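K.L.:
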Amino acid sequence: MRELTLLDTVYLAGGLLLCLVLPMLMSFRGPLDAATKRSSMKIVWTGQTLLTIAGLTVLASSLLAPYAAGFGLVSCITCALLLVRHFRTVRTA
């Protein structure tokens, strides 16, 4: 394992904070029925997996760390938007 610089530590801390966004969004605005909750959880787990991959990349490579942090941010925003859109379609249907 390599020694992390301050910037790499900031990337990891930002990724850890982003890991909280999707589960909290699910708990605050999530559907109540089991079938819809299951399909929403797939979006949450996809976002968590992408953020985990980004975090492992930050730990593995200092050259790829900024790109991995950007990838984690974009994937979190994308999954959050997909989750909100999914909530809207469920509530209107």
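Mapping to the working numbering: the sequence shown position 37 is 1405, numbers consecutive.
Yeah, the Cβ is synthetic: ideal placement off N, Cα and C, and Gly gets one too.
Bear in mind the structure is a predicted one, so any value in this text is a computation, not a measurement.
(1) Looking only at C-alpha atoms, which of G1382, T1457 and I1411 sits nearest to P1391?
(2) Are any of the Cβ atoms in chain D nearer than 9 Å to that of V1412?
(3) Please classify S1395 as buried or exposed, where buried requires at least 16 other C-beta atoms within 10 Å of its C-beta.
(4) According to the neighbour-count rule (16 or more other Cβ atoms, all chains shown, within 10 Å of its Cβ), is S1443 buried or exposed?
(5) Rounded to the nearest angstrom, how far is the Cβ of L1431 from that of T1425, given a contact under 8 Å?
P.N.:
According to the structure data:
(1) Per the Cα distances, I1411.
(2) You won't find chain D in this structure, because it holds only one protein chain.
(3) Residue environment: S1395 is assigned as exposed (fewer than 16 neighbouring CB atoms within 10 Å of its CB, all protein chains considered).
(4) Label assigned to S1443: buried.
(5) About 10 Å; that fails the 8 Å criterion.
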